[in-house]
Amino acid sequence: IGKEKFHKSQHWGYCNNVAMLVGEDKPGIGGEPLPGQKLKPKYSVFPEGIGSDAPAWVAFDKQVLSFDAYFEEEVPDKNQELYRIRHCKIYFYLEDDTIQVIEPQVKNSGISQGTIVRRHRIPLPPPHEDQFYTIDHFNINIEVILYARRYKIIDCDQFTKNFLRKMGVRLNPPAGRPDDPYTKERQKILDSMKPLRPYERIDTLKQFLEHNGHILRFFCVWDDPESMFHDPRELVLRYYLSDDTIDIKEIIPVNSGRDVVPLFLRRDKLPKYAPTGLYQPGTITSRTVLNVFGKLVGNRSRYILDNRKTGAVHQEFYRDSDLKIGAVINVWGRKIMLCDCDEFTKEYYRTKYGIEDFTPVSYKAPPPPKPEKTFPPYTGFGSEEDSLCSCMGLLPKPPQKDFKKFMEKDRSGMESNILRFLAKLVTDSPIDTDRKFIISYFLSDDTISVFEHIQRNTGILGGKFLERGRIKKPGQELFKSEPSEYFKAQNLFVGARVCFHGHNFLLVDADEYTFNYMEKHANEFSVADVGVILKKLKDIAESRSREVRQVFAASDPEHTKVIEYDPFRNLIVSITDGAFSEHEIMTLGRYYSVKDEYEMDLHFLLSVAQEQLKKNSFENFEQLSAVLTYNDREKCGVLPHEMCRTICKSFKLPVADDDLQALLTMFEDDHKQVEYKKFVDGLNWRENQIPAFQTIKVPLKNEDDWSGQPPSLPVKGIKYLPLLDDLFGKEE
Numbered sequence: 014i015g016k017e018k019f020h021k022s023q024h025w026g027y028c029n030n031v032a033m034l035v036g037e038d039k040p041g042i043g044g045e046p047l048p049g050q051k052l053k054p055k056y057s058v059f060p061e062g063i064g065s066d067a068p069a070w071v072a073f074d075k076q077v078l079s080f081d082a083y084f085e086e087e088v089p090d091k092n093q094e095l096y097r098i099r100h101c102k103i104y105f106y107l108e109d110d111t112i113q114v115i116e117p118q119v120k121n122s123g124i125s126q127g128t129i130v131r132r133h134r135i136p137l138p139p140p141h142e143d144q145f146y147t148i149d150h151f152n153i154n155i156e157v158i159l160y161a162r163r164y165k166i167i168d169c170d171q172f173t174k175n176f177l178r179k180m181g182v183r184l185n186p187p188a189g190r191p192d193d194p195y196t197k198e199r200q201k202i203l204d205s206m207k208p209l210r211p212y213e214r215i216d217t218l219k220q221f222l223e224h225n226g227h228i229l230r231f232f233c234v235w236d237d238p239e240s241m242f243h244d245p246r247e248l249v250l251r252y253y254l255s256d257d258t259i260d261i262k263e264i265i266p267v268n269s270g271r272d273v274v275p276l277f278l279r280r281d282k283l284p285k286y287a288p289t290g291l292y293q294p295g296t297i298t299s300r301t302v303l304n305v306f307g308k309l310v311g312n313r314s315r316y317i318l319d320n321r322k323t324g325a326v327h328q329e330f331y332r333d334s335d336l337k338i339g340a341v342i343n344v345w346g347r348k349i350m351l352c353d354c355d356e357f358t359k360e361y362y363r364t365k366y367g368i369e370d371f372t373p374v375s376y377k378a379p380p381p382p383k384p385e386k387t388f389p390p391y392t393g394f395g396s397e398e399d400s401l402c403s404c405m406g407l408l409p410k411p412p413q414k415d416f417k418k419f420m421e422k423d424r425s426g427m428e429s430n431i432l433r434f435l436a437k438l439v440t441d442s443p444i445d446t447d448r449k450f451i452i453s454y455f456l457s458d459d460t461i462s463v464f465e466h467i468q469r470n471t472g473i474l475g476g477k478f479l480e481r482g483r484i485k486k487p488g489q490e491l492f493k494s495e496p497s498e499y500f501k502a503q504n505l506f507v508g509a510r511v512c513f514h515g516h517n518f519l520l521v522d523a524d525e526y527t528f529n530y531m532e533k534h535a536n537e538f539s540v541a542d543v544g545v546i547l548k549k550l551k552d553i554a555e556s557r558s559r560e561v562r563q564v565f566a567a568s569d570p571e572h573t574k575v576i577e578y579d580p581f582r583n584l585i586v587s588i589t590d591g592a593f594s595e596h597e598i599m600t601l602g603r604y605y606s607v608k609d610e611y612e613m614d615l616h617f618l619l620s621v622a623q624e625q626l627k628k629n630s631f632e633n634f635e636q637l638s639a640v641l642t643y644n645d646r647e648k649c650g651v652l653p654h655e656m657c658r659t660i661c662k663s664f665k666l667p668v669a670d671d672d673l674q675a676l677l678t679m680f681e682d683d684h685k686q687v688e689y690k691k692f693v694d695g696l697n698w699r700e701n702q703i704p705a706f707q708t709i710k711v712p713l714k715n716e717d718d719w720s721g722q723p724p725s726l727p728v729k730g731i732k733y734l735p736l737l738d739d740l741f742g743k744e745e
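And the structure:
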């Protein structure tokens, strides 16, 4: 024996020239087993080469053998039982030969059940504790010892049977499943406690399944007579249709001084108040029994159930038919009135009982009117908004600005969102008569700034005249509680008279952006709304339409159907008798003006575009051409106008949108499709540079060159016939 142990301890090997202890399966020299060494078979019962070469954790993934078993457990110090039969499941995991033992949960067993042996590899009992359980150790109707506990395997599932047969295991016949003697005795006691026939069945399952989750809700009031102030107590009654139970919850007002409790009445069936008072305990029972023998046979008695309920006391409970608006119910001596209900309850009673009148009962006086909050007058320190915020709370907060309006109306690209007007002072002083001012209105925050036009040899410096800020309208009290009114964009238009801090200004002109913005947002500016102006003019001149036509015809002796702006303005002023402002007349003139029709020179446009591209160092022409070619799915060399414009915008082409639209239009074919290759070649200033044209000086309308009243518009003529047709209809 000592020699055998000595040989077992000599299982040494070398790894990286280092002697170390290796596994016991390593044979001796020449592959011969060492004395006392037991080599385990390398393969299963199947010969080598049969089956899959996949590893076990792949081939047997999620495959488990399930065995039904039981074991006996001794119960010491208990007379009722000497031993206990406990049934369990043994799971054998094929992927790694691990074993798990689980006992199913049994209701009211009093035993901690569940996992008895956690999943792991379990060694064989002594003297083979150096080996582990494998699939060869399992079969039906055998015993296995797991950690000194003997388990009797009685059966297995169909998958386990099929797998063991494939492995060449001859299955034993299933064994019987013994009963636990104590459990069997307990079952006899329980069976003897069941009532005898006839059996009365109380079935509430149908009502539960039909009305589970359906709740009728009533709003109630209880006038507590014992309350000191006799104030009504507001309650919410909920009737559960699934089992005809009721609970009541009280609505506790804020600062009422009452304790907050979960429920005013816990959920239960609410009995109607009996005339004789409350019943004694035991008077009302769910079943009635009869004494069959009575006192005939000694003192022995025999009881059976009475399905006719002879002599039973029937107690009535509140049902859904007893609840309606205006009804008073008795809740254990408290008179509670139902005042209102929710929509589901109304629909339920409307459908089931045909009730249509759900007029609520008013049980409390209407709340007193909320006192109007008054603010002290403005003190003069800081802004009015800041002083007003100090009156809103104990912790003053800065006034909130309209951030959304600021983001929408702030400068963005070519959109300045600034309205500029040319103004002059309304004064009798000959020195101030010729002074010109530029009034800028910032739409982002409703502020106004005034600059004076610099003129030589006038003795006036010019420049900034009024710092940018909000300007109050004149004629308002300074120290008052109400917020002051400020100048809005609608108060500024050509012909308007405004007073800024004691200086009276007359607005005589505006820049082109201002006219375009006001006409685009005509719903905000009535002086730029052609529809409103035409309606106003029609109301004035409709009664003398023939006279108006003759006046316009007399102003056009050559019958060109076009008149100049100055005669047109004078005619409108004479017809309206000065009721129209200059801005309204200018809006009419711009709307009915003769539009210039001209053809832009292609070379001039390409020259301007190349100059802009060259200044911004744009050279991605190859990439632009590649993207355009990629979007041309049919490879026909043309693309839609809008698609080309979108692609150019994605490349951030430094060309104005109007110029880009004109260029794309000039490169369109007969089918309104853009020839994108010619378009890119025309823009390529590296390879196809076009000599720059001399800059054409166009007399632009500059705010520094604005003249006095009447304003001069860049309108060559006004077509008056469409105006007359829109006013009075077409002349026959």
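Here our numbering is used: the first residue of the sequence shown is 14, the next is one more, and so on.
Ideal Cβ placement from N, Cα and C applies to all residues, glycine included.
A quick note: this is a predicted structure, and the numbers were derived from the prediction, not measured.
What three-state label does DSSP hand residue i in the structure shown?
{"i": "K608", "result": "coil"}
{"i": "D670", "result": "helix"}
{"i": "H514", "result": "coil"}
{"i": "Y292", "result": "coil"}
{"i": "G721", "result": "Reliability fails at G721, whose pLDDT of 39 lies under 50, so the model's placement of it is uncertain and no value is given."}
{"i": "D569", "result": "coil"}
{"i": "P136", "result": "strand"}
{"i": "T128", "result": "strand"}
{"i": "L318", "result": "strand"}
{"i": "Q328", "result": "coil"}
{"i": "E532", "result": "helix"}
{"i": "F394", "result": "coil"}
{"i": "P443", "result": "helix"}
{"i": "Y96", "result": "strand"}
{"i": "Q686", "result": "strand"}
{"i": "Y286", "result": "coil"}
Excluding five sequence neighbours on each side, which residues of the same chain lie with their C-beta closer than 7 Å to the C-beta of residue i?
{"i": "I297", "result": "V326 and Q328"}
{"i": "P735", "result": "Y605"}
{"i": "K743", "result": "none"}
{"i": "V621", "result": "D672"}
Would a C-beta distance cut-off of 8 Å place residue i and residue j closer than the cut-off?
{"i": "L637", "j": "D645", "result": "no"}
{"i": "N185", "j": "I153", "result": "yes"}
{"i": "K165", "j": "F84", "result": "yes"}
{"i": "Y454", "j": "L505", "result": "yes"}
{"i": "D746", "j": "F419", "result": "The chain is shown from 14 up to 745; residue 746 falls before or after that span and cannot be answered."}
{"i": "T358", "j": "R230", "result": "yes"}
{"i": "L677", "j": "F692", "result": "yes"}
{"i": "L584", "j": "S568", "result": "yes"}
{"i": "V575", "j": "K732", "result": "yes"}
Pop quiz: residue i and residue j are said to be a contact at Cβ under 8 Å. What is the actual Cβ separation, rounded to whole angstroms?
{"i": "T460", "j": "G476", "result": "At roughly 18 Å, the Cβ-Cβ gap does not stay under 8 Å, so T460 and G476 are not in contact."}
{"i": "Y316", "j": "L303", "result": "7 Å"}
{"i": "D542", "j": "F434", "result": "That pair is no contact at about 18 Å."}
{"i": "P191", "j": "I98", "result": "5 Å"}
{"i": "V182", "j": "L159", "result": "That belief does not hold up - the Cβ atoms of V182 and L159 are roughly 20 Å apart, past 8 Å."}
Below 6 Å CB to CB, which residues in the same chain sit around residue i once its five sequence neighbours on both sides are set aside?
{"i": "E87", "result": "Y96"}
{"i": "A340", "result": "L351"}
{"i": "D353", "result": "F232 and P373"}
{"i": "P40", "result": "P46"}
{"i": "Q126", "result": "E116 and Q118"}
{"i": "V273", "result": "I265"}
{"i": "S494", "result": "F388 and P390"}
{"i": "T301", "result": "D319, K322 and A325"}
{"i": "F680", "result": "V687, E688, K691 and F692"}
Once you ignore the five residues that flank residue i on each side, which residues in its own chain have a CB closer than 8 Å to its CB?
{"i": "L491", "result": "Y391 and G393"}
{"i": "G189", "result": "I167"}
{"i": "T217", "result": "D256"}
If you pair each beta-carbon of the stretch 325–335 with each one of the stretch 248–257, do three or more pairs fall below 8 Å?
Verdict: yes, contact present.
Taking contact to mean 3 or more Cβ pairs, one atom from each stretch, closer than 8 Å, check whether the stretch 624–638 and the stretch 664–675 are in contact.
They touch, by the three-pair rule.
Does the stretch 262–273 touch the stretch 239–249, meaning 3 or more C-beta pairs lie closer than 8 Å?
Enough Cβ pairs lie closer than 8 Å, so yes.
Taking 8 Å as the threshold, find out whether the stretch 464–472 comes into contact with the stretch 413–432 through three or more Cβ pairs.
As far as the Cβ criterion goes, the stretch 464–472 does not touch the stretch 413–432, which means the pair count is below three.
How do the stretch 127–134 and the stretch 105–116 stand: do at least 3 beta-carbon pairs fall below 8 Å, yes or no?
As far as the Cβ criterion goes, the stretch 127–134 touches the stretch 105–116, which means the pair count is three or higher.
Is there contact here, the stretch 532–548 with the stretch 558–577, by at least three beta-carbon pairs under 8 Å?
Verdict: no, contact absent.
Are three or more beta carbon pairs between the stretch 617–637 and the stretch 526–540 nearer than 8 Å?
Taking a cut-off of 8 Å on C-beta distances, the stretch 617–637 does not touch the stretch 526–540, as fewer than three cross pairs fall below it.
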